[in-house]
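These notes are about the structure you will find just below.
Numbering (the numbering used here), first residue to last: 111 to 293.
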């Protein structure tokens, strides 16, 4: 009989394992990072996408998602926890292993074309696993981009969504590594 490949039944075997999660040194986050991340500006949480003026104080909570601290994020990444880390700022530097998706941060509504595209893209990057932790971030607590993006991910049906409110600024303040975006 012909080899399995010739019969159209070629089984390549299990998929290659994903690259190892980036490792960060054990970190004790300085108090000023926690102060930055938890600063309460008195802004009321909203379930509506912000249409503009993205550089403004943010709420301390987000409907449908959880807020994650620098310490918890570094610990999760160090443990090898499987997550989808998404940078919606689109700057020159990002957290190691982050995917770039600045379009997720746009205003609009949850039935727009961007929302449909976001759902398709999220399905690809999560392998269709709506329970996989998805973590979104931008610059700092004065940035609504990641708030909008987290709302879009929740609206797409993801159940384990995290907003890293401290963002790049808190990560850098904690002395953790940033990498050139796209690497």
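For every residue, glycine included, the Cβ atom is placed at its ideal position computed from N, Cα and C.
- With a cut-off of 8 angstroms on Cβ pairs, the stretch 204-211 is not in contact with the stretch 149-165, counting fewer than three such pairs.
- Between the alpha carbons of residue 160 and residue 232 lies a gap of roughly 21 angstroms.
- DSSP places residue 197 in the uninterrupted beta strand (DSSP E) bounded by 194-197.
- A buried status is given to residue 279, since no fewer than 16 other beta-carbon atoms sit within 10 Å of its beta-carbon.
- Short of 7 angstroms from the beta carbon of residue 282, and not among the five residues preceding or following it, lie these beta carbons of its own chain, in chain order: 288.
- In chain order, 265 place their CB closer than 6 angstroms to the CB of residue 220, counting only its own chain and leaving out the 5 sequence neighbours on each side.
- About 5 angstroms separates the beta carbon of residue 274 from that of residue 178, a gap short enough to meet the 8 angstroms contact definition.
- Here residue 175 really is in contact with residue 271; their C-beta atoms are around 4 angstroms apart, less than 8 angstroms.
- Around the beta carbon of residue 173, fewer than 16 other beta carbons sit within 10 angstroms, so the residue counts as exposed.
- Just measuring C-alpha positions, the residue of 251, 244 and 181 sitting nearest residue 141 is 181.
- For residue 268, there is no enclosing beta strand (DSSP E), as DSSP marks it with neither H nor E.
- For residue 197 and residue 145, the gap between their C-alpha atoms comes out near 22 angstroms.
- In the structure shown, residue 261 adopts helical secondary structure according to DSSP, grouped into three states.
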